[in-house]
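Novice: Quick one: the structure is below, and I'll ask about it shortly.
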Ligand code: ADE
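Below is the structure:
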């Protein structure tokens with residue numbers, strides 16, 4: 300998978316060198332390049348923003364540097380790449396979205412700052428490629444960088460080969476629409492708290508049943524809306 304990120308803070312993405320995704324990059328499974336939007340400006344101050352038409356607070360990112368940066372990445376015609384625009388006004392990012400992004404051979408992320416990017420950038424690229432404005436959640440960040448980092452981590456670990464044991468991906472929160480069950484390791488007693496006996500029983504059927512009950516109980520308590528539309532039994 301190839302990932303291009305356009306941002307005014309390319310150094311922000313240096314953390315992708317470490318941990319699981321760093322290893323995936325070393326192994327050539329994921330190639331990530333962060334581009335500095337200011338490299339596509341032509342004035343002395345490397346200006347990327349201007350005041351909004353119609354008035355209002357804040358600044359809007361100018362379309363010209365975005366056009367030059369994105370054309371440098373995808374060419375000046377039609378492209379098979381997917382352009383992801385992080386925005387609180389986008390569709391919600393879920394595990395299903397992460398699975399879809401993980402299938403893409405080429406992702407381009409456009410990190411906006413200030414009050415967002417001139418709408419014509421999305422309108423223009425929609426005529427040349429697939430564009431998805433995506434929100435990390437119902438809150439406002441200062442810019443798209445943190446959202447993109449979360450999306451890259453969630454999608455990147457689903458790229459085949461990135462997580463050593465693919466089975467560990469199956470029993471996680473949200474993979475089956477439920478929250479995950481609680482996990483325990485040694486010692487069997489810690490600060491007077493005991494590991495549930497069923498987990499030490501060696502009875503695989505009972506363990507599976509207990510874990511499923513725990514998933515349902517946790518989901519009902521913390522995220523009841525996830526159970527809407529599921530069979531009540
Ligand atoms: N940029 C600012 N807030 C955001 C959010 N909630 N999701 C994605 N991008 C954003």
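Numbering (our numbering), first residue to last: 300 to 532. For every residue, glycine included, the Cβ atom is placed at its ideal position computed from N, Cα and C. Keep in mind it's a predicted model, so treat the numbers as computed, not measured.
For residue 305, tell me which candidate among 333, 318 and 325 has the shortest Cα-Cα distance.
Specialist: Indexing the chain shown from 1 puts residue 305 at position 6. The shortest C-alpha separation from residue 305 is found at 333.
Novice: Just tell me which of 366, 393 and 503 has its CA closest to the CA of residue 525.
Specialist: Residue mapping note: residue 525 aligns to position 226 of the chain shown, counting from 1. The option with the nearest alpha carbon to residue 525 is 393.
Novice: Please check the pair residue 312 and residue 331, which I expect to be a contact at CB under 8 Å, by giving their CB distance rounded to whole angstroms.
Specialist: If you number the chain shown from 1, residue 312 lands on position 13. If you number the chain shown from 1, residue 331 lands on position 32. Residue 312 to residue 331, Cβ: 7 Å. Contact.
Novice: Does DSSP put residue 356 in a helix, a strand or coil?
Specialist: As a position in the chain shown, residue 356 is number 57, starting the count at 1. Coil.
Novice: Quick one: which unbroken alpha helix (DSSP H) runs of 4-plus residues sit fully inside the region 306-355? Chain order, please.
Specialist: Taking only runs of at least 4 residues, the alpha helix (DSSP H) segments lying wholly in the region 306-355 are 318-325.
Novice: Please determine if the region 400-415 and the region 435-448 are in contact, where contact requires at least 3 C-beta pairs separated by less than 8 Å.
Specialist: Yes, since at least three Cβ pairs between the region 400-415 and the region 435-448 fall closer than 8 Å, the two stretches touch.
Novice: Got a sec: does ligand 3 put a non-hydrogen atom nearer than 7 Å to the Cβ of residue 385?
Specialist: In the structure shown, ligand 3 is absent; the only ligands present are ligand 1.
Novice: Any heavy atom of ligand 1 within a distance shorter than 7 Å of the CB on residue 438?
Specialist: The sequence position of residue 438 within the chain shown is 139, counting from 1. True, at least one ligand heavy atom lies under 7 Å from that Cβ.
Novice: Once you ignore the five residues that flank residue 417 on each side, which residues in its own chain have a CB closer than 8 Å to its CB?
Specialist: Taking the first residue of the chain shown as position 1, residue 417 is located at position 118. Contacts found: 359, 360, 361, 362 and 365.
Novice: Would you call the CB atoms of residue 386 and residue 351 closer than 8 Å?
Specialist: Residue 386 sits at position 87 when you count from the first residue of the chain shown. Residue 351 sits at position 52 when you count from the first residue of the chain shown. Not a contact, by the Cβ cut-off of 8 Å.
Novice: Beta carbon of residue 443: closer than 7 Å to some heavy atom of ligand 1?
Specialist: As a first step, residue 443 must be located in the chain shown, where it is residue number 144. At least one heavy atom of ligand 1 is nearer than 7 Å to the Cβ of residue 443, so yes.
Novice: How many whole angstroms separate the CB atoms of residue 458 and residue 315, which I take to be in contact at a CB cut-off of 8 Å?
Specialist: What you label residue 458 is simply residue 159 of the chain shown in a count that begins at 1. What you label residue 315 is simply residue 16 of the chain shown in a count that begins at 1. Not really, about 13 Å apart at Cβ, beyond 8 Å.
Novice: For residue 412 and residue 355, I'd like the C-alpha separation in whole angstroms.
Specialist: Against the chain shown, residue 412 aligns to sequence position 113. Against the chain shown, residue 355 aligns to sequence position 56. Near 16 Å, if we compare the C-alpha coordinates of residue 355 and residue 412.
Novice: I want to know whether the region 423-437 touches the region 504-519 - three or more CB-CB distances under 8 Å.
Specialist: These segments do not touch.
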